[in-house]
Amino acid sequence: MMKDQKAFDPKSFEDKIFEKWTRQNAFSAKVNPNKKPYCIIMPPPNVTSAAHIGHAMDGTLQDILIRTKRMQGYETLWQPGTDHAAIATEYKLVEKLAKEGKTKESIGRERFEKEAWAWYDKYGDTIMSQFKKMGFSADYSRYKFTMDSTSTDAVLEAFIRLFNKGLVYRGKRMTNWCPNCGSAVSDEEVEYIEEKSHMWHIRYKFADNDGYIVVATTRPETLFGDVAVAVNPKDKRYKNLIGKYLIVPLVNRKIPIVADDYVDKDFGTGMVKITPAHDPNDLEVAKRHDLEIISVIDKFGVLTVQAGEFAGKKAIDMRDEIVEKLKGQKLIEKIEDYSHSVGHCYRCKQAIEPMITEQWFVKMSDLAKPAIECVKNGQLKIFAKKFEKNYLHWLENIQDWCISRQLWTGHRIPIYYCQSCGNIYTSKKPCNCPKCGSNNYVQDEDVLDTWFSSALWPFSTLGWPNDTPEMKYFYPTNVLVTGYDILLFWVTKMVYMGIECTGKVPFYNTILHGLVRDERGRKMSKSLGNGIDPLVVVNDYGADALRIALIKDMSLGMDSRFGETKLENARAFLNKLWNASKFVSLNADKFGYTELKPDQLNDIDKWILSKLNNLISNVTRNIDKYDIGVAISNIINFIWNDFCDWYIEFVKVDLKSDRATIVSSVLVNVLETVLKLLHPFAPFTTEFIYQEFCHEDLLMLADYPVFDNKLKYKKEELFIEKFIELIRNIRNYRNKIGIQQTEKIIITTSNQNFKLVEYLKKLTNAKDLIYEKNEKLEIISEIGMFGIKFEETKNEAKKKLYEEIEKVKHEISRSEGLLKNPGFIAKAPKTLVDAEKKKLEKNKELLNSMMGAKCE
RNA sequence: GGAAGUUUAGCUCAGCUGGGAGAGCGCUUGCCUUACAAGCAAGUGGUCAUAGGUUCGAGUCCUAUAACUUCCACCA
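Residue 894, in our numbering, is where the first sequence stops; the numbers in between run on with no holes.
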């Protein structure tokens with residue numbers, strides 16, 4: 039067991055500990071009216087692939103909160119699940135089928151859906167087993183999936199409610215079309231990428247003479263769809279051209295020159311070709327001028343018959359050929375280099391084609407209002423606060439949400455078209471037309487945007503629309519933890535759908551963390567090959583090291599870097615804890631341990647207990663503020679510095695004395711308390727060590743430590759801090775003058791009342807401490823004057839003393855300057871002025887004694 | 001074009017409501033001191049991006065500037 043094991047070896051116990059938790063159902067949540075509920079709904083990872091390091095951080099943060107609250111006596115539910123990610127999954131499935139020489143059409147919708155489910159199950163299982171490896175204490179028995187029956191029921195209910203309220207409508211509008219995915223995508227799913235391209239200046243001849251004008255375009259292949267050329271009405275150059283007609287090159291169609299404010303007369307040539315079928319702005323112009331809409335690119339990105347000889351070929355591939363042809367006809371004025379941003383599908387990275395299609399939309403104006411309000415009035419808080427601006431700005435300017443997707447993966451839209459009477463109706467299950475009773479109906483072919491089901495996730499997982507005990511007890515949930523990158527995609531949707539469907543905000547607090555970048559600060563990506571597999575890390579360093587490395591330097595809303603250095607550091611810390619525990623355990627076996635009795639404690643014991651007590655309040659406060667990185671740093675500093683470097687070193691003295699049982703008891707007490715504080719961060723290691731102390735119960739279900747006023751030993755705490763300073767001074771001093779740490783020295787002091795002799799000797803490696811005044815060198819501390827006996831005076835000693843004197847002199851002049859300043863005396867707080875005066879006095883005394891010390 | 005964030009030691013980052021610059025890693029020196037060399041002790045290292053301002057006092061508040069990052073919008 040631990041005592042026989044030289045070093046921390048997480049592989050030897052992690053799986054066993056997890057089994058133990060599982061066997062005791064330690065993760066399971068029940069509706070328990072005797073306890074306060076605390077609930078976190080896990081953001082569902084996409085089933086497109088295994089979990090990555092970002093999920094590891096996201097989950098670690100949630101697990102820390104859940105485990106802390108569980109120990110603090112809340113009934114905690116951490117609700118896990120996964121998301122079907124329609125577009126992304128369909129993309130991967132189609133890719134997979136292509137490798138097998140099939141297409142989705144060739145196997146048909148039914149078989150395709152079967153394939154999809156096999157995929158969902160495979161990755162859902164993979165992700166959950168990864169989460170278990172990382173120690174995430176979610177209630178896996180409640181695993182949900184955005185396509186399972188409960189989620190489907192919620193989706194149908196929500197859709198029908200919105201439809202009946204008139205908040206869902208169908209419209210023929212300009213939408214973002216991904217020719218590669220063969221589907222519309224929402225505004226949020228379009229990613230603008232800066233691309234180097236050209237601006238082609240094309241000549242358009244007049245209909246009635248040989249003259250021409252020049253328009254500039256970045257998309258020459260759309261010219262077949264031109265229905266006008268627009269100029270700004272205020273543009274004097276072209277005023278007399280308005281109303282004249284031009285001929286579209288290559289297709290020889292006659293189009294008018296119109297005037298419209300939309301045109302910027304200073305951009306390009308001040309003339310814009312209007313292609314309403316493939317540009318949202320052009321469409322607006324066309325509407326104003328009652329122009330025809332000519333579609334030249336179809337759903338596959340292929341040119342239509344309108345493109346004449348180019349029809350049937352991919353529009354993007356034909357660009358150069360079209361330009362060549364124009365060149366041949368001397369219709370190209372010039373070609374400029376030009377870089378502009380082009381919309382791309384965020385999944386498949388192909389260029390988006392704006393296209394007029396018929397889609398279903400959710401009307402946003404009414405839904406957005408309460409979602410804005412709840413953040414403004416503080417009902418819903420966003421951490422870090424800076425993101426509230428983004429959130430509000432987004433919702434205040436939101437456009438209607440396109441929710442239909444031309445895919446087979448996802449929830450099929452519950453809309454039916456009666457073939458007999460033309461009625462359009464919605465229903466949870468296929469049913470005869472409610473208007474004419476006909477059974478001749480068809481369901482809409484499209485599926486819903488994945489985010490439609492994700493938007494319902496905080497309550498669909500709890501059983502909504504049914505009035506389940508879970509809904510009553512756990513909803514609204516307490517906190518949502520996710521990356522700031524999906525604040526606008528997802529968080530906003532959950533809020534307005536939550537308020538619309540349940541009348542309540544879905545969660546009170548939102549924590550937004552940053553992205554995990556690689557050690558050099560680069561985004562992790564497949565193309566760079568710098569991605570890190572969490573399971574590989576768990577295998578190499580252990581789950582707890584992974585967790586600590588991920589969150590230690592994290593601050594909310596900021597990207598963080600991650601790599602070997604941090605992992606090694608985290609593992610070193612756990613190894614330190616391991617060895618400290620071994621030390622405590624060995625001594626506990628040898629000397630036993632009891633309840634602490636205050637009258638048996640000396641100043642050093644009180645010091646560590648008081649420090650521990652402070653730690654409890656700091657950690658608790660920081661976790662409540664979601665300063666998770668600060669909280670873990672507090673704990674690490676306490677364990678490594680206060681407990682290991684000082685307290686354990688101090689008590690090595692006591693363990694050889696009749697105080698052995700007393701300090702052994704303090705050691706056990708401090709260790710167990712700190713294990714509890716650390717448990718949410720490093721669950722495996724702490725649980726394992728705790729079990730080594732022969733506990734029947736689980737650490738993860740133990741009571742969380744609370745600040746205890748009785749353990750506040752302010753005086754002793756300060757005194758020992760001074761004592762530690764003294765030891766540091768002596769070590770520093772002897773080091774500077776070249777007496778090695780291993781070499782025994784004799785310390786002298788004039789402080790007859792000094793009681794901590796044995797500790798001082800042990801920690802400075804002194805042979806003896808003798809009472810004697812007027813040493814060659816004096817070390818001043820508030821505890822007294824100490825010196826080191828030398829056989830010879832050394833030059834370094836003189837130098838050192840000189841340096842010290844200079845330092846004190848500097849301090850004196852600083853204090854004097856400050857105290858001479860009338861403004862400071864008048865306006866600074868009294869306590870500060872008094873403290874400064876005291877400091878001055880003390881330093882003057884110190885200087886005197888130093889000047890008195892002689893170096894021969 | 002609009003907005004937000006960042007800028008502190010060689011590197012990664014802390015620094016709460018303004019009151020003497022911090023940690024870890026790295027580096028230097030000395031140590032296997034019977035829990036731990038994944039360790040111990042000591043040390044080196046910063047005009048807190050720049051310029052102004054408010055204040056008795058500014059890393060901290062205000063105003064500009066610069067660099068980097070991100071989000072939003074997008075003019076053909």
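Even glycine gets a Cβ: it sits at the ideal position worked out from N, Cα and C.
So for residue i, helix, strand or coil by DSSP?
i, result
"residue 513", "coil"
"residue 518", "strand"
"residue 560", "coil"
"residue 669", "helix"
"residue 823", "strand"
"residue 418", "coil"
"residue 42", "helix"
"residue 284", "strand"
"residue 803", "coil"
"residue 742", "coil"
"residue 115", "strand"
Is residue i close to the ligand FAD? I mean its beta-carbon at under 8 angstroms from any heavy atom of the ligand.
i, result
"residue 145", "Because no ligand of any kind appears in the structure shown, any question about the ligand FAD cannot be addressed here."
Locate the beta strand (DSSP E) running through residue i, then write down its first and last residues.
i, result
"residue 396", "391-400"
"residue 234", "228-244"
"residue 502", "Element bounds for residue 502: n/a, residue is neither H nor E."
"residue 678", "First-last for residue 678: undefined, no H or E at that position."
"residue 382", "370-383"
"residue 223", "221-223"
"residue 550", "545-551"
"residue 252", "250-255"
"residue 216", "206-216"
Provide the residue span of the alpha helix (DSSP H) that contains residue i, from first to last.
i, result
"residue 496", "495-498"
"residue 769", "752-774"
"residue 451", "Taken as a continuous stretch (DSSP letters only), residue 451 belongs to no alpha helix (DSSP H), as it is neither H nor E."
"residue 310", "Not the alpha helix (DSSP H): residue 310 falls in the beta strand (DSSP E), residues 309-312."
"residue 619", "602-629"
"residue 732", "From DSSP, residue 732 is part of no alpha helix (DSSP H); its letter is neither H nor E."
"residue 644", "641-662"
Measuring CB to CB, does residue i end up less than 9 angstroms from residue j?
i, j, result
"residue 496", "residue 515", "yes"
"residue 622", "residue 517", "no"
"residue 118", "residue 80", "yes"
"residue 669", "residue 719", "yes"
"residue 710", "residue 40", "no"
"residue 931", "residue 169", "Outside the displayed span of the chain (39 to 894) sits residue 931, for which this structure offers no information."
"residue 824", "residue 762", "no"
"residue 6", "residue 89", "The structure shown does not extend to residue 6, since the chain is modelled only from 39 through 894, so no value can be given for it."
"residue 324", "residue 265", "yes"
"residue 343", "residue 316", "no"
"residue 975", "residue 125", "Outside the modelled stretch of the chain, which goes from 39 to 894, sits residue 975, for which no answer is possible."
State the Cα-Cα distance for the pair residue i and residue j, rounded to the nearest angstrom.
i, j, result
"residue 75", "residue 59", "21 angstroms"
"residue 452", "residue 467", "8 angstroms"
"residue 531", "residue 512", "20 angstroms"
"residue 46", "residue 64", "25 angstroms"
"residue 384", "residue 750", "56 angstroms"
"residue 760", "residue 753", "11 angstroms"
"residue 789", "residue 419", "57 angstroms"
"residue 655", "residue 647", "13 angstroms"
"residue 432", "residue 399", "18 angstroms"
"residue 410", "residue 435", "11 angstroms"
"residue 366", "residue 83", "54 angstroms"
"residue 32", "residue 674", "Residue 32 cannot be examined here, being either before or after the span of the chain that is shown, 39 to 894."
Exercise. Per the contact definition of three or more C-beta pairs closer than 8 angstroms, is the segment 410-429 in contact with the segment 238-253?
Worked result: Result no; under three Cβ-Cβ pairs closer than 8 angstroms.
Exercise. With a cut-off of 8 angstroms, do at least 3 Cβ pairs link the segment 570-588 to the segment 600-607?
Worked result: Taking 8 angstroms as the limit for Cβ pairs, the verdict is that the segment 600-607 does touch the segment 570-588.
For this session: Kindly confirm or deny that the segment 486-494 and the segment 439-457 touch, where touching means at least three C-beta pairs closer than 8 angstroms.
Result: Flag = yes, the segment 486-494 and the segment 439-457 touch.
Problem set entry | the segment 108-123 in contact with the segment 736-745 per 3-pair CB rule at 8 angstroms | With the cut-off at 8 angstroms, the segment 108-123 and the segment 736-745 touch.
Problem set entry | At least 3 beta-carbon pairs within less than 8 angstroms: the segment 839-854 vs the segment 795-813 | The answer is no - the segment 795-813 does not touch the segment 839-854, with fewer than three Cβ pairs under 8 angstroms.
Exercise. If we count Cβ pairs, one from each stretch, closer than 8 angstroms, do we get three or more for the segment 690-698 versus the segment 795-809?
Worked result: Contact between the segment 690-698 and the segment 795-809 is present, because at least three Cβ pairs lie under 8 angstroms.
Exercise. Hey, is the segment 301-314 in contact with the segment 273-280, meaning 3+ C-beta pairs nearer than 8 angstroms?
Worked result: With three or more CB-CB distances shorter than 8 angstroms, the segment 301-314 counts as touching the segment 273-280.
Exercise. Taking one C-beta from the segment 455-463 and one from the segment 473-480 each time, how about it: are there three or more such pairs within less than 8 angstroms?
Worked result: The answer is yes - the segment 473-480 touches the segment 455-463, with three or more Cβ pairs under 8 angstroms.
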